[in-house]
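>
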Amino acid sequence: MNQANRTLVRVENLRKYFPIRRGIIIERQVGAVRAVDGVSFTIERGETLGLVGESGCGKTTVGRTILGLYPATQGQVYIDGQPVFGAKSRDMLVIRRKAQMIFQDPYASLNPRWTVDAIVSEPLRVHQLIKDPKMRSERVVELLNLVGLSGRLVNRFPHEFSGGQRQRIGIARALASDPLFVVCDEPISALDVSIQAQVVNLMEDLQDKFNLTYLFIAHDLSMVRHICDRVAVMYLGVIVELASRNELYENPLHPYTRALLSAVPIPDPKKDRHRSRVILRGDVPSPISPPSGCRFHPRCPIAKEHCARLVPDWREISPNHWVACHEA
Amino acid sequence: MNTLLQVRELTTRFHTPEGTVFAVNGVSFDLGEGETLAVVGESGCGKSVTMLSIMGLIPKPPGEIPKGEALYIKRDLLKLSDAEMQHIRGKEIAMIFQDPMTSLNPVLSIGRQITESLRTHLGIDQKAANQRAVELLEQVGISEAARRLADFPHQFSGGMRQRVMIAMALACVPNLLIADEPTTALDVTIQAQIIELVIQLREQLGMAMIWITHDLGVVAGLAERVTVMYAGYIVEEASVDDLYDDPRHPYTLALLAALPRVDLRRERRLKSIPGAPPSLLVEPKGCPFAPRCEYVREICRKENPVLTPVAARHKIACWVDINSGDLR
Chain A
240 MNQANRTLVR
250 VENLRKYFPI
260 RRGIIIERQV
270 GAVRAVDGVS
280 FTIERGETLG
290 LVGESGCGKT
300 TVGRTILGLY
310 PATQGQVYID
320 GQPVFGAKSR
330 DMLVIRRKAQ
340 MIFQDPYASL
350 NPRWTVDAIV
360 SEPLRVHQLI
370 KDPKMRSERV
380 VELLNLVGLS
390 GRLVNRFPHE
400 FSGGQRQRIG
410 IARALASDPL
420 FVVCDEPISA
430 LDVSIQAQVV
440 NLMEDLQDKF
450 NLTYLFIAHD
460 LSMVRHICDR
470 VAVMYLGVIV
480 ELASRNELYE
490 NPLHPYTRAL
500 LSAVPIPDPK
510 KDRHRSRVIL
520 RGDVPSPISP
530 PSGCRFHPRC
540 PIAKEHCARL
550 VPDWREISPN
560 HWVACHEA
Chain R
2 MNTLLQVREL
12 TTRFHTPEGT
22 VFAVNGVSFD
32 LGEGETLAVV
42 GESGCGKSVT
52 MLSIMGLIPK
62 PPGEIPKGEA
72 LYIKRDLLKL
82 SDAEMQHIRG
92 KEIAMIFQDP
102 MTSLNPVLSI
112 GRQITESLRT
122 HLGIDQKAAN
132 QRAVELLEQV
142 GISEAARRLA
152 DFPHQFSGGM
162 RQRVMIAMAL
172 ACVPNLLIAD
182 EPTTALDVTI
192 QAQIIELVIQ
202 LREQLGMAMI
212 WITHDLGVVA
222 GLAERVTVMY
232 AGYIVEEASV
242 DDLYDDPRHP
252 YTLALLAALP
262 RVDLRRERRL
272 KSIPGAPPSL
282 LVEPKGCPFA
292 PRCEYVREIC
302 RKENPVLTPV
312 AARHKIACWV
322 DINSGDLR
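Shown next as structure tokens:
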């Protein structure tokens, strides 16, 4: 396979601004939340790319915009070679079949009035993949078995399941249309530790079985290190660092990545006592008017005078290790 | 070290339309003056209900505390009248909660909320209370404290709101601070700030602390002693070093094995715990972990083991010695 063929998802200079409007009768735009402000990356087939960052950094917006759930303000996304923005509705339907999503909240993402059968078979009906109702029901049972649930549960409603089981139902629904690419938006953060491991192992098994490509959006840096091949770190709408998993965790170059990693608690008291911590001061600034130059400069422990003026270039410091920092 | 709090055989149930919920089933532990104890467990293990019971915050009905005592400096908190409890709550024992947005009153200014408890418990006038409130806000790291007294909760970020909660809890310099997942809703860098603050305040004030959490990582850097809860029981209690170096209960062992590590390279799949915690609607019989336990024996299903010592200051509730695999 050549390079272009190996790449399944290509994101080019993606921007997503949410307008802020004022006025009741004459509505006018007074500003914009710059949730995603120029993000580029690629994901190879069969790969898991992690997208990490704190609340409000834009990681969820990236995931949703990539799938065309929000129109992009600027930029383009290609999934399996097809452009997402400007696609005809027929082409969009094909993209939607190939690219699916698993949501964070297994309580809010399943329709409480629908049975499991209705939920899991919806993609089959929408995309008219299986027209015969009997065969469709068989496929639903097959999908449930695939995610470790009994086929006898098809007529139950979401409230009859635990959080972990609901997340399995969400995964079965996402897999119904035989996707190539799945955006997993904090798929395990609402679950207890013992259940998290079950769901993560299931996701890994399914990836191996169907050669799935994942964009794994999370704030749990330990889990991201476990599950992802490469990791991108976002801060205030931009990616500040991107590298393979061990490179990023063992040799972080951006001061924000360093602070983030040093803030993660380690379940080992002796080791935890001897760690050097970078404690960041203050809160994340507003994405309505992000700081000039490098967006991290007001909180950066090593910021120099030029960091406030100049936007740092996105540089490849060593092979496949990218960073946007003047001082790295 | 003198004992500050001695809890014995605490039992809490809730009578609901679905049946009786066996939330806490005979929990006993001690807390020394100035000591930090962590209570770890997953959703529904009874960790919060245990503390709410001690604080007299269980609504009755539907709640009921049929058995147990909680001796705080020789007084049984469970037998105090509401008026007597009011005196202790907020003054001698303070509590902070997970979600600072819902535990603050949205329509009262921060200043009003902090000074309320100062005026109730210390009987000082508004002017003195305001002055003390400013000191408290400065102590928890809120800049321009005097100006911010007039601000409302929504004008603070999540981390700042948690700081305000801590300031309120510390207002009367309590002997004991009970913290119920205070950093769970926060981002890791903000969590690190809050933990740093709490450790610093603990040293300044010499107060004892009970920290309720599901995060075994946070515990490692914070607590001296740890109890692990499962289905309304304490299953293991040890010093923080012993618990992580030498866990003896199969549940603790399984929890640690299910955790990915931010500081280590991936070596294997996560070890998941099969199944889910038991329903609390069924009267417990036998060891609650038996259905998920890989060391399970015949006796485990019949009789629930009591918490007994395995080493100095290290107790477990288990029939099996996990090192040899034999019965203890």
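Protein chains in written order, with our numbering: chain A, 240 to 567; chain R, 2 to 329.
Even for Gly, the Cβ is constructed at its ideal location relative to N, Cα and C.
From a predicted model like this one, the values you see are computed outputs, not experimental measurements.
Measure the alpha-carbon distance for G69(R) versus R113(R) and round it to whole angstroms.
37 Å
> So which residues on chain R does K298(A) lean against when the C-beta distance must stay under 7 Å?
None at all; the shortest Cβ gap to chain R is about 12 Å.
> Between Y488(A) and chain R, is any beta-carbon pair separated by less than 8 Å?
It does; some Cβ of chain R falls within 8 Å.
> Within 8 Å of any Cβ in chain R, is that where the Cβ of K337(A) sits?
No Cβ of chain R is located within less than 8 Å of the beta carbon of K337(A).
> In whole angstroms, give me the CA-to-CA distance for R405(A) and L382(A).
14 Å
> What's the C-alpha gap between V438(A) and Y73(R)?
43 Å
> CA-CA distance, D431(A) and A71(R)?
29 Å
> Just the chain A side, please: which residues come within less than 7 Å of T190(R) by C-beta, in chain order?
E293, A498, L499, A502 and L519
> Can you tell which of A291(R), R302(R), M86(R) and V174(R) has its C-alpha closest to the C-alpha of I115(R)?
V174(R)
> Once the 5 residues before and after R514(A) are set aside, which same chain residues still bring their CB inside 8 Å of it?
S501 and I505
> With distances taken from CA atoms, which of T4(R), V8(R), N3(R) and M2(R) is nearest I235(R)?
V8(R)
> Would you grab the beta carbon distance between Q194(R) and I518(A) for me? Rounded to a whole angstrom, and I think it's under 8 Å.
6 Å
> According to DSSP, T246(A) sits in a beta bridge with which residue or residues?
E283(A), per the DSSP bridge assignment.
> Using CA coordinates, which residue listed in L419(A), T496(A) and A498(A) is at the minimum distance from G320(A)?
L419(A)
> In terms of DSSP beta bridges, what is M473(A) paired with?
Residue pairing for M473(A): DSSP places it in a beta bridge opposite I478(A).
> Output needed in chain order: residues of the region 461-487 of chain A with a Cβ under 7 Å from some Cβ in chain R.
S461, M462, R464, H465 and N485
> Where are the beta strand (DSSP E) runs, 3 residues long or more, that stay fully inside the region 120-191 of chain R, in chain order?
177-181
> Output the boundary residues of the alpha helix (DSSP H) element that contains H545(A).
Neither: H545(A) is in no alpha helix (DSSP H) and is coded neither H nor E.
> Kindly give me the distance between the Cβ atoms of R407(A) and G387(A), rounded to whole angstroms, as I take these residues to be in contact under 8 Å.
About 6 Å separates the CB atoms of R407(A) and G387(A); that is less than 8 Å, so the two are in contact.
> Relative to the C-alpha of P107(R), which residue among L244(R), R298(R) and V165(R) is closest?
Of the listed residues, the one whose Cα sits closest to P107(R) is V165(R).
> Could you spell out the range, first to last residue, of the beta strand (DSSP E) harbouring I358(A)?
Here I358(A) belongs to no beta strand (DSSP E); instead the alpha helix (DSSP H) covers V355 to V365.
> Going by other Cβ atoms of all chains shown within 10 Å of its Cβ, with 16 needed for buried, is K255(A) buried or exposed?
It is buried - the Cβ of K255(A) has at least 16 other Cβ atoms within 10 Å.
> Can you grab the Cα-Cα spacing for the pair V189(R) / E377(A), in whole Å?
44 Å
> Below 8 Å, can you find three or more Cβ-Cβ pairs linking the region 178-186 of chain R to the region 211-231 of chain R?
yes
> Which of the three DSSP states is assigned to V379(A) in this structure?
helix
> Measuring alpha carbon to alpha carbon, tell me which of V472(A), W553(A) and D444(A) ends up nearest Y495(A).
V472(A)
> Distance, Cα to Cα, V421(A) vs L451(A)?
7 Å
> So what's P292(R) in DSSP terms, helix, strand or just coil?
helix
> Would D246(R) and H315(R) qualify as a contact pair, given that the criterion is a beta-carbon distance under 8 Å?
no
> Give the list of continuous beta strand (DSSP E) stretches no shorter than 3 residues that lie fully inside the region 485-557 of chain A.
554-557
> Taking any Cβ of chain A, which residues in the region 261-276 of chain R have a Cβ under 8 Å from it, in chain order?
P261, R262, V263, D264, R266, R267, R270, L271, K272, S273, I274 and P275
> Just to make sure I have the definition right: I need the residues of chain A whose C-beta is within less than 8 Å of the C-beta of V22(R). Which are they?
In chain order: nothing, as chain A lies at least about 16 Å away.
> Of the residues that make up the region 440-453 of chain A, which ones have a beta carbon closer than 8 Å to any beta carbon in chain R?
N440 and E443
> Using a Cβ cut-off of 7 Å, pull out every chain A residue sitting near Y245(R), in sequence order please.
P506, D507 and P508
> So is N239(A) buried or exposed if we call it buried at 16+ other beta carbons inside 10 Å?
This structure gives no information on residue 239(A), because the portion of chain A shown stretches from 240 to 567.
> Can you give me the Cβ contacts of Q87(R) inside the same chain, cut-off strictly under 8 Å, excluding the 5 residues immediately before and after it?
none
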